[in-house]
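For the sequence shown, this note's numbering assigns the number 118 to the initial residue and increments by one for each residue that follows. A short write-up of the structure that comes next.
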Amino acid sequence: MRFLAALLISPLFALTGDELPRAFFDHPAVRQGQFVLWHDPGAVETLDFRYGIGGPEMAPKEPFTFIEEDSSGSTPKVRIRDANERQWVIKFGAEGKPDTFCSRLAWGLGYYAEPAYFVADGVIAGVHGLGRAAQNIDRNGRFRDGRFQLRSKDPRFLRWVDWAWDDNPFTGTPELNGLKILMMLVSNWDNKDSRDADTRGTNTAIYQHGGQYFYFIDDWGGAMGNWGKFFTRSKWNDKNFYEQSPRFVRLAENGLEWGYSGQHTKLLTRDIRFSDIAWLMQYLGRVTDPQLRAGLLASGASEEETRYYVEGLRQRIGQLQKIVSDR
Numbered sequence: 118m119r120f121l122a123a124l125l126i127s128p129l130f131a132l133t134g135d136e137l138p139r140a141f142f143d144h145p146a147v148r149q150g151q152f153v154l155w156h157d158p159g160a161v162e163t164l165d166f167r168y169g170i171g172g173p174e175m176a177p178k179e180p181f182t183f184i185e186e187d188s189s190g191s192t193p194k195v196r197i198r199d200a201n202e203r204q205w206v207i208k209f210g211a212e213g214k215p216d217t218f219c220s221r222l223a224w225g226l227g228y229y230a231e232p233a234y235f236v237a238d239g240v241i242a243g244v245h246g247l248g249r250a251a252q253n254i255d256r257n258g259r260f261r262d263g264r265f266q267l268r269s270k271d272p273r274f275l276r277w278v279d280w281a282w283d284d285n286p287f288t289g290t291p292e293l294n295g296l297k298i299l300m301m302l303v304s305n306w307d308n309k310d311s312r313d314a315d316t317r318g319t320n321t322a323i324y325q326h327g328g329q330y331f332y333f334i335d336d337w338g339g340a341m342g343n344w345g346k347f348f349t350r351s352k353w354n355d356k357n358f359y360e361q362s363p364r365f366v367r368l369a370e371n372g373l374e375w376g377y378s379g380q381h382t383k384l385l386t387r388d389i390r391f392s393d394i395a396w397l398m399q400y401l402g403r404v405t406d407p408q409l410r411a412g413l414l415a416s417g418a419s420e421e422e423t424r425y426y427v428e429g430l431r432q433r434i435g436q437l438q439k440i441v442s443d444r
């Protein structure tokens, strides 16, 4: 919360809409700025996974007022304003729960994440002219299962700037490879990046605060189910996630063998070193079961789903710990 608050009250150095490039390296201001992917989260085991980076103070507050429908991406979304005059994008459908939980976990490990909250039900005033979101908001403005993601002027979301897993300022670092491991840990098969921006959209993004540029994953919605290709993958399926967990990673004769597959499998699985796992486990190894449970319940998981997810995550973390201890 202190990290976010500092960003929200500081001066803004802005790029205009006409200046925004497609990739991070195409604009001098972005290319020459200070790149940030990770910061030391401190005592991980003390962090509040129920509320995440924004804390209880930033949680969306009713009444909610409709601004517009958001047509980006493949999932129904609307933009609203809450009682505190904060603007939020509400995502509906199967992606809201994994998006909320995984952003909590990423934040807990020191990666940048947008303030996000899961709201089980509510009412939006002034709703009109809906397209695909009409299936999620009734004629009285009532909705269920919405993921609220903050939209602010500072830090500023650079809508048309993104990055690729193999083309960014952090290639080869333990911080980037740790993020790759985290993507696989939560079975996020939807690892699209800048190479997909013009066709399927990208899930990599950059926030700007002055001369600093925060690289992060903007969309975790494909997580917490089966990893895999088109016909075998799933989103937010606790039993699928649990059943795949024994095959997460193992030490084979030729090195690390990952069970994961996704949109760009090798972009995540290749070039990960034993030292990268050891680096990540300094932080991931301190996450407790009560924290996982709190984050899952706050993201809309049922008691049964929470139990399967915590057990599955603990299996996967245990496999990483074993690899570190066996080396």
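For each residue, glycine too, the CB sits at the ideal point set by N, CA and C.
Would you check if the distance between the CB atom of V206 and the CB atom of K214 is smaller than 7 Å?
-> no
Rounded separation between G429 and F358 - CA only | 7 Å
Coil, strand or helix - Y229 by DSSP | coil
Taking the Cβ atom as the reference point for each residue, do F365 and G376 lie within a distance shorter than 7 Å?
-> yes
N257: buried (16+ other C-beta within 10 angstroms of its C-beta) or exposed?
-> exposed
Using the DSSP secondary-structure output, state which residues sit across from R259 in a beta bridge.
-> V240
With a Cβ-Cβ cutoff of 7 Å, do I394 and L437 count as a contact?
-> yes
State yes or no: is the C-beta of F114 within less than 7 Å of the C-beta of Y234?
-> No answer is possible for residue 114: it lies beyond the span of the chain, which begins at 118 and ends at 444.
For A322, three-class secondary structure by DSSP | strand
Does DSSP put L293 in a helix, in a strand, or in coil?
-> helix
Where does S186 sit, in a helix, a strand or coil, going by DSSP?
-> Sequence check: residue 186 is Glu here, not Ser. It is a strand residue.
Please classify D307: does DSSP put it in a helix, a strand, or coil?
-> coil
Distance, W280 Cα to G150 Cα = 15 Å
Assuming G345 contacts K352 under a Cβ cut-off of 8 Å, what Cβ separation, rounded to an integer in Å, is found between them?
-> With a Cβ gap of about 11 Å, G345 and K352 do not count as contacting.
Reference D238, options I254, L409, W337 and V404, closest by Cα = I254
Start and end residues, beta strand (DSSP E) containing E422 = Where E422 is concerned, there is no enclosing beta strand (DSSP E), although the alpha helix (DSSP H) it sits in stretches over E420 to D443.
Return yes when the Cβ of W337 is within less than 7 Å of the Cβ of S220, no when it is not.
-> yes
Could you check the C-alpha separation between P138 and V236 for me, to the nearest Å?
-> With a pLDDT of only 40 at P138, under the threshold of 50, the placement of this residue in the model should not be trusted, and no figure is reported.
Beta-carbon spacing of Q380, N308 below 7 Å = yes
Candidates G289, D284 and Q325: closest to D310 by CA position | D284
First and last residue of the uninterrupted beta strand (DSSP E) at F209 | Segment: none, F209 is in no beta strand (DSSP E) and carries neither H nor E.
What is the rounded straight-line gap between the Cα of E339 and the Cα of P158?
-> With the sequence shown as reference, residue 339 is identified as Gly, and Glu is not the correct amino acid for it. Cα to Cα, the separation comes out at about 25 Å.
Report the three-state DSSP secondary structure of L164 (helix, strand or coil).
-> coil
Range covered by the beta strand (DSSP E) that runs through I197 | K194 to R198
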